[in-house]
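Asks: Let me give you the structure first, and then I'll get to my questions.
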Amino acid sequence: MRLFLVDDHPVVRAGLVALLGGEDDMEIVGEAADGQEALRGIASCEPDVVLMDLQLGDGLDGVEITRRVRRLPAPPQVLVLTTYETDADIVRAIDAGATGYLLKACPPEELFQGIRAAARGETVLSPRVATRMMRRMRDPGPALSGREVEILELLASGAGNREMARRLFITEATVKTHLVHIYDKLGVETRTAAVAVAVERRLIRLS
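Residues 1 to 207 (UniProt numbering) are what the sequence shown spells out, left to right.
Pasting the structure below:
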């Protein structure tokens, strides 16, 4: 299977190349350190599976890249490989189209099995991530969408409606609509209250 690596740390990419190079059925066909480089490389290399980090510095993050990649005519499977495991990160990635979510601390064999399962289109979750999702299902709280979580995170960073619209490539009117839905789901009336409730319930990760 053809693999493409997206991670902004050269040492991490080099480690993955060395690790995966020992598997007879896996071939690294490309790698990228940022969003634009990733989108160009994935479109030209046509991999079967993309290993995607979530935080890539400035520019597009792993969630937005995943969303765009999954819109390609013949999209590869996207397997998130990251250090982050908050509900917000997991929900956003899966909502964007990722077929799986693994943590960088996972054993090599778990990574190998996860890649093979992702290539078959199967859902792949690290045990700790699966536990979080089960806990979330048992006590779901507000059913926020991935986009609403993104709005909340930007809200927590102090971004205004115009800035949120620019960064998410949507209109200000759409931002306002999302905010109305968020306030209703969280049972609040102000931005400050929305952020406070979201942080308390671990719905978002503060930078």
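Glycine residues also receive a C-beta, built at the ideal position from the N, C-alpha and C atoms. Quantities reported herein were computed from a predicted structural model and do not represent experimental measurements.
How is F112 classed by DSSP in three states: helix, strand or coil?
Replies: helix
Asks: Starting from T82, trace the beta strand (DSSP E) in both directions and tell me its first and last residue.
Replies: 77 to 82
Asks: Under three-state DSSP, which class holds A119?
Replies: helix
Asks: In its own chain, which residues sit with a C-beta less than 7 angstroms from the C-beta of V29, not counting the 5 before and 5 after it?
Replies: R2, L3, F4, C45, P47
Asks: Look at G146 and R201 and say whether their C-beta atoms are less than 7 angstroms apart.
Replies: no
Asks: How would you label Q77, buried or exposed, when you count the other beta carbons within 10 angstroms and need 16 or more for buried?
Replies: Q77 should be labelled buried.
Asks: Hey, could you find the ends of the beta strand (DSSP E) G30 is sitting in?
Replies: G30 -> beta strand (DSSP E) spans 27 to 32.
Asks: For the pair the segment 50 to 60 and the segment 82 to 98, tell me if three or more CB-CB distances fall below 8 angstroms.
Replies: Yes, they touch.
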